[in-house]
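S.K.:
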Amino acid sequence: MDLTVLNERDFYSYLQEENKKTFLKMIETFENYIAPIMRSKGYKRINQAERTVLFSFGEITFSRSRWKKDGETKIPVDEKLGLVSHTRFSKEVLYQLTKLANYMPYRKVAEVMELLNQVYVTKDSVLSAIQKAGELLKEKEDYRILSPEVKQEKIKPEVLYIEGDGVWVKSSQEQEGSCSKELSHFVVHTGCQENNRRTLKDKLEVISINYKEAKDKILDLIHNHFDITSETVIVTNSDGGGGYTPKAFKELAAAFSPKKHIHFWDAFHVNQLIKRIFNPFPPELKSLTFEGVKKQDKETVSLALDTAEALIDNEEKLEPFQRLKRQLLRNFDYTHRPEHQGLSSKGIGVMESQHRKITYRMKNKGMYWSDKGADTISQTILLDHEGKLRDLFFGDWRENYEIIQERSQHTTGYFLRVGTSKKIYDLPKVDLPQKTVQIEE
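Residues 1035 to 1475 in this note's numbering are what the sequence shown lists, from first letter to last.
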């Protein structure tokens, strides 16, 4: 001991070394504890094997016993530590890398881990963690589909709000001449509440690189969480883009047979379109159009558009103008305001704010994404925002999923030969319900 000023990083390194000693002692104690238990179950110890794993408290190389019985090999220490096979990272480190990757580029994640934990990883290590998160997301979705439906009390909303929109991000996989890829994003909620800040009640979110998967999943979530009756009003809102047209939302709402379905053309996008159309023309025409929309006077809007069209003396400008004119008039019925329908506007038009957590990480930093990377990061961002990211790595669903997998392997199956392939696939038998087929004469 002397008067030298304490170097915290050196002291932290010392604590890490002490933690490693404690950890290795714990492994030794557990090995002595589990050995008689394994023997009593008929397992035979076959060898001792080393493994190097990066934990949140440092990288450690340790030795553990491998046990075998009837061709089955078990490593109790790995199970005790919750280690994933064929990876050098603990689940805690995988979780931390994934969480940090929701906020910053992979290289920055590596720098932060070194700064705060004195744990050294590379950007490729972060990529591996994201890939593992992608595998877990797929397994959890499989578990959701395969697990028996748990009966829960459903929410009975008077009004259910549904919005959808696409988020475009730069793609590292150029497809059909496009360097961007769309993420399909849907939000469902039952209204707005204000505590310290305005929040959406009973909010559910879905995002996917695949539009159909996103739409199917939001339908499932609505079915599982909400009791839609003949007294429920479904309110939808969108910018009218591909996949988010009034027709698309009409079909979505029809799946639940509500009392009424009301669709709105998002007010922000309507205002942007009007400004875009009338910017080259006298401001009086723009004001007249806004007034017509406010009063739901289609004739006034049509008059303003016809007047502007008459002022165009360039054929190249005429066609784009007419396209926007048709768009505004065709969808004019959806420009009505919520107040006209006895609704509050507070819970409508929320997509842009809901996009922000996605775009902040994926769009505004000039990042390029593979399809898998974009799909995984966007979903982990939503889970993190909902406080459910840790459950992806440590939730009870993992054990239940493994039980379902194990049972499926012992299910009596039948053989199927596909095409000219020599492979034989053993598929589980499933008892399908009998369907009544009605034949039209």
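Beta carbons are placed, not taken as given, at the ideal position from N, Cα and C, and that holds for glycine.
Remember, predicted model here, so these are calculated numbers, not experimental data.
1) Measuring CB atoms only, is the segment 1188-1201 touching the segment 1388-1404, in the sense that at least three cross pairs come out at less than 8 Å?
2) Near residue 1416, which residues of its chain fall below 7 Å by C-beta distance, leaving aside the five closest residues on each side in sequence?
3) Cβ of residue 1107 within 7 Å of any heavy atom in the ligand ATP?
4) Compute the Euclidean distance between the alpha carbons of residue 1328 and residue 1420, then round it to the nearest angstrom.
5) Using three-state DSSP, classify residue 1194 as helix, strand or coil.
6) So for residue 1357, helix, strand or coil by DSSP?
7) At 3 residues or longer, and completely inside the segment 1158-1233: list those beta strand (DSSP E) runs for me, N to C.
8) One question on the structure: do residue 1097 and residue 1079 come within less than 8 Å of each other, judged by their Cβ atoms?
9) In the DSSP assignment, find the alpha helix (DSSP H) that holds residue 1040 and state where it starts and stops.
10) Which same chain residues, not among the five before or five after residue 1282, have their C-beta less than 7 Å away from its C-beta?
11) Could you name the residues of the same chain whose beta carbon sits closer than 8 Å to that of residue 1050, not counting the 5 residues immediately before and after it, in chain order?
12) For residue 1385, which option in 1190, 1222, 1263 has the closest C-alpha, if you only look at C-alpha atoms?
13) Could you please give the first and the last residue of the uninterrupted alpha helix (DSSP H) stretch that includes residue 1414?
14) Is residue 1448 helix, strand or coil when you go by DSSP?
15) Tell me where the beta strand (DSSP E) around residue 1122 begins and ends.
16) Assuming residue 1295 is part of the beta strand (DSSP E), what are its boundary residues?
17) Determine the direct distance from the alpha carbon of residue 1225 to that of residue 992, and round the result to whole angstroms.
18) For the candidate residues 1253, 1250, 1291, 1430, whose alpha-carbon lies nearest to that of residue 1266?
19) Quick one: residues in its chain with C-beta nearer than 7 Å to the C-beta of residue 1125, no 5 flanking neighbours on either side, listed in chain order?
20) Does DSSP put residue 1266 in a helix, in a strand, or in coil?
21) In the DSSP assignment, find the beta strand (DSSP E) that holds residue 1080 and state where it starts and stops.
22) Residue 1371: which of 1296, 1404, 1183 sits nearest, CA to CA?
23) Pick helix, strand or coil for residue 1061, following the three-state DSSP scheme.
24) Please name the residue, chosen from 1167, 1162, 1144, that lies closest to residue 1156 on a Cα-to-Cα basis.
25) Whose C-alpha, out of 1280, 1174, 1401, 1246, is nearest the C-alpha of residue 1366?
26) Which first and last residues belong to the beta strand (DSSP E) in which residue 1387 is found?
27) What number of angstroms, rounded off, separates the C-alpha of residue 1285 from the C-alpha of residue 1309?
28) Might you give, ordered along the chain, the residues of its own chain that have their beta carbon closer than 8 Å to the beta carbon of residue 1135, omitting 5 neighbours on each side?
29) Closest to residue 1320 by C-alpha separation, out of 1246, 1335, 1112, would be which residue?
30) If you run the structure through DSSP and keep just helix, strand and coil, what is residue 1073?
31) Rounded to the nearest angstrom, what separates residue 1323 and residue 1139 at their Cα positions?
32) Once the 5 residues before and after residue 1167 are set aside, which same chain residues still bring their CB inside 6 Å of it?
33) To the nearest angstrom, report how far apart residue 1379 and residue 1197 are at their CA atoms.
34) Is it buried or exposed for residue 1041, if we count other Cβ within 10 angstroms and need 16 for buried?
35) Look up residue 1241 in the DSSP assignment and give the residues it is bridged to.
M.R.: Reading from the atomic positions:
1) Yes: at least three Cβ pairs fall under 8 Å.
2) In the sequence shown, the residue the question calls residue 1416 occupies position 382. For residue 1416, where only same-chain residues beyond five positions count, the Cβ hits under 7 Å are 1239, 1241.
3) This structure simply doesn't include the ligand ATP, nor any ligand for that matter.
4) Indexing the sequence shown from 1 puts residue 1328 at position 294. Indexing the sequence shown from 1 puts residue 1420 at position 386. Taking the straight line joining both Cα atoms gives about 37 Å.
5) Counting from one through the sequence shown, the residue named residue 1194 turns up at place 160. Residue 1194 falls in the strand class under three-state DSSP.
6) Here residue 1357 corresponds to residue number 323 of the sequence shown, with the count starting at 1. Of the three classes helix, strand and coil, the one that applies to residue 1357 here is helix, per DSSP.
7) 1193-1209, 1212-1223, 1226-1228
8) Walking along the sequence shown from the start, residue 1097 turns up at place 63. Walking along the sequence shown from the start, residue 1079 turns up at place 45. The answer is no: Cβ separation not under 8 Å.
9) Walking along the sequence shown from the start, residue 1040 turns up at place 6. No alpha helix (DSSP H) holds residue 1040; DSSP gives it neither H nor E.
10) As a position in the sequence shown, residue 1282 is number 248, starting the count at 1. Taken in chain order, the list of residues that qualify is empty.
11) Stepping through the sequence shown from its first residue, residue 1050 is reached at position 16. Closer than 8 Å at the Cβ level, and outside the excluded window around residue 1050, lie 1091, 1092, 1152.
12) Here residue 1385 refers to the residue found at position 351 when the sequence shown is read from its first residue. Checking every option, the nearest Cα to that of residue 1385 belongs to 1222.
13) Residue numbering aside, residue 1414 sits at position 380 when the sequence shown is read from its first letter. From DSSP, the alpha helix (DSSP H) with residue 1414 extends over 1405-1419.
14) Residue numbering aside, residue 1448 sits at position 414 when the sequence shown is read from its first letter. Caution applies to residue 1448, whose pLDDT of 44 falls short of 50 and renders its modelled position unreliable; the value that the coordinates give is listed next. Three-state DSSP puts residue 1448 in a strand.
15) On the sequence shown, residue 1122 is found 88 positions in, with the first residue counted as 1. Per DSSP, residue 1122 lies in no beta strand (DSSP E) segment and is marked neither H nor E.
16) Residue 1295 sits at position 261 when you count from the first residue of the sequence shown. Here the beta strand (DSSP E) through residue 1295 covers 1294-1299.
17) Coverage of the chain is limited to positions 1035 through 1475, which leaves residue 992 absent and any answer about it impossible.
18) Indexing the sequence shown from 1 puts residue 1266 at position 232. Checking every option, the nearest Cα to that of residue 1266 belongs to 1291.
19) Here residue 1125 corresponds to residue number 91 of the sequence shown, with the count starting at 1. Excluding residues within five positions, the ones whose Cβ falls inside 7 Å are 1116, 1118, 1427, 1428.
20) For the purposes of this step, residue 1266 is taken as the residue at position 232 of the sequence shown. Coil.
21) In the sequence shown, residue 1080 corresponds to position 46, counting from 1. Counting along the chain, the beta strand (DSSP E) containing residue 1080 begins and ends at 1078-1089.
22) The residue you call residue 1371 lines up with position 337 of the sequence shown. Closest option to residue 1371, Cα to Cα, is 1296.
23) Counted from its first residue, the sequence shown places residue 1061 at position 27. Helix, per DSSP.
24) Here residue 1156 refers to the residue found at position 122 when the sequence shown is read from its first residue. With distances taken between Cα atoms, residue 1156 lies closest to 1144.
25) For the purposes of this step, residue 1366 is identified with residue 332 of the sequence shown, where counting begins at 1. When only C-alpha atoms are compared, the closest one is 1280.
26) Numbered from its first residue, the sequence shown carries residue 1387 at position 353. Counting along the chain, residue 1387 falls outside any beta strand (DSSP E), though it belongs to the alpha helix (DSSP H) covering 1385-1396.
27) Along the sequence shown, one-based indexing puts residue 1285 at 251. Along the sequence shown, one-based indexing puts residue 1309 at 275. The alpha-carbon separation between residue 1285 and residue 1309 amounts to approximately 31 Å.
28) Translated into the one-based positions of the sequence shown, residue 1135 becomes position 101. Correct list, in chain order: 1143, 1160, 1163, 1164, 1411, 1414.
29) Here residue 1320 refers to the residue found at position 286 when the sequence shown is read from its first residue. Out of 1246, 1335, 1112, 1335 has the C-alpha closest to the C-alpha of residue 1320.
30) As a working note, residue 1073 is residue 39 in the sequence shown. Helix at residue 1073.
31) Numbered from its first residue, the sequence shown carries residue 1323 at position 289. Numbered from its first residue, the sequence shown carries residue 1139 at position 105. Going from the Cα of residue 1323 to the Cα of residue 1139 covers about 45 Å.
32) Taking the first residue of the sequence shown as position 1, residue 1167 is located at position 133. Excluding its 5 nearest sequence neighbours in each direction, residue 1167 has C-beta neighbours in its own chain below 6 Å: 1132, 1410, 1414, listed in chain order.
33) Translated into positions along the sequence shown, residue 1379 becomes position 345. Translated into positions along the sequence shown, residue 1197 becomes position 163. Within the model, the alpha-carbon separation for residue 1379 versus residue 1197 is close to 13 Å.
34) Mapped onto the sequence shown, residue 1041 falls at position 7. Flag for residue 1041 reads exposed.
35) Residue 1241 sits at position 207 when you count from the first residue of the sequence shown. Per DSSP, 1219.
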